[in-house]
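Novice:
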Amino acid sequence: MSHLEIEQHDAKRLAAGYKKSFRLVEILAILSFWSLTVAIIARAYPFHHTHPWVLAAGVLSGFVFADFVSGFVHWMADTWGSADMPVLGKSLVRPFREHHVDPKAMTRHDYIETNGANCLVSLPVAAGVLFIPLDIEGWVSFSLFSLVTIGSMVFFVMWTNQIHKWSHLEPEETPLPLRVLQKLHVVLPPVHHRIHHKAPYDRYYCITTGWLNWPLSKLGFYRHSERVVTALFGLIPRRDDIGLKAALQLAPLVLEEKPRPATHQP
Ligand SMILES: [Zn+2]
Ligand SMILES: [Zn+2]
1 MSHLEIEQHD AKRLAAGYKK SFRLVEILAI LSFWSLTVAI IARAYPFHHT HPWVLAAGVL
61 SGFVFADFVS GFVHWMADTW GSADMPVLGK SLVRPFREHH VDPKAMTRHD YIETNGANCL
121 VSLPVAAGVL FIPLDIEGWV SFSLFSLVTI GSMVFFVMWT NQIHKWSHLE PEETPLPLRV
181 LQKLHVVLPP VHHRIHHKAP YDRYYCITTG WLNWPLSKLG FYRHSERVVT ALFGLIPRRD
241 DIGLKAALQL APLVLEEKPR PATHQP
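Note that this note's numbering has the sequence shown beginning at 1, numbered continuously upward.
(1) Thinking I150 and V121 are a contact (beta carbons under 8 Å), I'd like their distance in whole angstroms, please.
(2) Excluding sequence positions up to five away, which residues of its chain have a Cβ less than 6 Å from the Cβ of I41?
(3) Checking 8 Å against the spacing of the C-beta atoms, do S91 and A117 come in under that value?
(4) Using the rule of at least 16 other Cβ atoms within 10 Å of the residue's Cβ for burial, across every protein chain shown, is K165 buried or exposed?
(5) My guess is that M106 and H168 are in contact by the Cβ rule of under 8 Å, so how many angstroms apart are they, rounded?
(6) Ordered along the chain, which non-local residues of its own chain (more than five positions away) have a Cβ less than 6 Å from that of D240?
(7) Which residues in the same chain as V154 place their Cβ atom closer than 6 Å to its Cβ, once the five residues preceding and following it in sequence are excluded?
(8) Spatial neighbours of P266 within its chain, please: CB distance less than 6 Å, with the 5 preceding and 5 following residues excluded, ordered by chain position.
(9) If we call anything under 8 Å between Cβ atoms a contact, is I207 one with S61?
(10) When the Cα of E226 is compared with those of S146, M158, H99, A77, which residue comes out closest?
(11) What are the start and end residues of the alpha helix (DSSP H) that includes T160?
(12) May I ask you to check if the CB of D67 is nearer than 7 Å to at least one heavy atom of ligand 1?
(13) In angstroms with no decimal places, state the Cα-to-Cα distance between H3 and W211.
(14) On the DSSP letters alone, give me the boundaries of the alpha helix (DSSP H) that E113 sits inside.
(15) Can you list the residues near ligand 1, meaning Cβ strictly closer than 7 Å to any non-hydrogen atom, in the order they appear in the chain?
(16) May I ask you to check if the CB of P171 is nearer than 7 Å to at least one heavy atom of ligand 2?
(17) So does P190 have its beta carbon nearer than 7 Å to some heavy atom of ligand 2?
(18) Quick one: grab the DSSP three-state call for G268.
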């Protein structure tokens with residue numbers, strides 16, 4: 001059987017792509033995001049007596065949606081584009097490339113580097129949700145459910161990278177309450193996430209809870225999406241992540257759902 005000839009970017013070069021100037025943007029994004037979170041809670045809180053089940057259902061739905069969003073964004077960043085693209089390359093794609101080459105690097109990142117980018121992309125949605133009117137007669141439950149669901153979704157999307165980072169800690173570095181949450185699969189369990197880290201990194205993209213990984217895999221969601229993108233734009237999936245050679249070896253097999261060749265890594 002032939003081997004996949006994976007070629008990845010240089011870890012040091014990828015790590016050097018994190019610029020100090022971007023850090024200031026991240027700090028502002030984190031402060032703004034937490035302020036918006038407080039504002040969203042303040043809007044929903046007065047309904048805790050009259051609509052407790054709407055609030056609970058909204059929080060849970062947002063939690064599930066966040067897992068989907070985490071997987072979809074992760075799939076986009078892993079599969080398409082390049083770390084050298086302007087703006088999105090440095091801020092979004094580069095950390096994903098670095099993560100496949102050096103999965104432990106993120107465990108050395110501080111709170112700002114871990115969460116800044118996610119706060120930044122969540123900001124417009126978190127701000128927009130505040131404009132949902134909650135006083136239209138007959139629509140209060142629906143509006144409240146929408147507000148809480150979207151608010152909860154952006155909140156947990158913001159936590160995604162932190163949860164992902166925790167899944168890469170050694171067991172002895174992981175505090176006991178967190179190990180319990182991972183074991184109960186409330187947050188992404190390390191063993192579950194290892195499935196994604198097997199080259200060529202083409203499955204199990206969800207990294208908040210990982211609950212949707214199995215159903216999306218069974219549905220062939222990413223394969224179908226890749227087929228559509230390739231048919232429309234002629235792009236080769238994972239070209240920038242695993243190198244053109246391996247991506248070309250893999251693309252027709254993935255797109256036709258055939259068994260893939262064994263991975264060869266030095
Ligand atoms: Zn990945
Ligand atoms: Zn990972």
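For every residue, glycine included, the Cβ atom is placed at its ideal position computed from N, Cα and C.
Specialist: Once the coordinates are examined:
(1) Numbered from 1 along the sequence shown, position 150 holds the residue referred to as residue 150. Numbered from 1 along the sequence shown, position 121 holds the residue referred to as residue 121. No, I150 and V121 are not in contact; Cβ-Cβ is about 14 Å, not under 8 Å.
(2) For the purposes of this step, residue 41 is identified with residue 41 of the sequence shown, where counting begins at 1. Excluding sequence neighbours, I41 sits near nothing in its chain.
(3) As a working note, residue 91 is residue 91 in the sequence shown. As a working note, residue 117 is residue 117 in the sequence shown. Cβ atoms of S91 and A117: closer than 8 Å.
(4) If you number the sequence shown from 1, residue 165 lands on position 165. Label assigned to K165: buried.
(5) Numbered from its first residue, the sequence shown carries residue 106 at position 106. Numbered from its first residue, the sequence shown carries residue 168 at position 168. About 6 Å separates the Cβ atoms of M106 and H168, confirming a contact at the 8 Å cut-off.
(6) Along the sequence shown, read from residue 1 onward, the residue named residue 240 stands at position 240. Here the set comprises S82.
(7) Taking the first residue of the sequence shown as position 1, residue 154 is located at position 154. Hits under 6 Å: S122, V125, A126.
(8) Indexing the sequence shown from 1 puts residue 266 at position 266. Confidence at P266 is low in this model, with a pLDDT of 45, below 50, so the placement of that residue is unreliable and no value is reported for it.
(9) Numbered from 1 along the sequence shown, position 207 holds the residue referred to as residue 207. Numbered from 1 along the sequence shown, position 61 holds the residue referred to as residue 61. No, the pair does not count as a contact, with Cβ atoms beyond the cut-off.
(10) By one-based count along the sequence shown, residue 226 stands at place 226. Considering only alpha carbons, the answer is A77.
(11) Counted from its first residue, the sequence shown places residue 160 at position 160. It spans 140-167 - the alpha helix (DSSP H) in which T160 sits, taken as one unbroken run.
(12) Position 67 of the sequence shown, counted from the first residue, corresponds to residue 67. No, Cβ of D67 sits at least 7 Å from all heavy atoms of ligand 1.
(13) For this step, residue 3 is matched to residue 3 along the sequence shown. For this step, residue 211 is matched to residue 211 along the sequence shown. Straight-line Cα distance between these residues: approximately 31 Å.
(14) Residue 113 sits at position 113 when you count from the first residue of the sequence shown. Here the alpha helix (DSSP H) through E113 covers 111-129.
(15) With the cut-off at 7 Å, the residues found are H74, D78, F96, H99, H100, H196, Y201, Y205.
(16) To locate residue 171, count along the sequence shown from 1; it is residue 171. Because no heavy atom of ligand 2 lies under 7 Å away, the Cβ of P171 does not count as near it: no.
(17) Residue mapping note: residue 190 aligns to position 190 of the sequence shown, counting from 1. Not one heavy atom of ligand 2 sits closer than 7 Å to the Cβ of P190.
(18) Residue 268 lies beyond the residue range present for the chain, which begins at 1 and ends at 266; the question has no answer from this structure.
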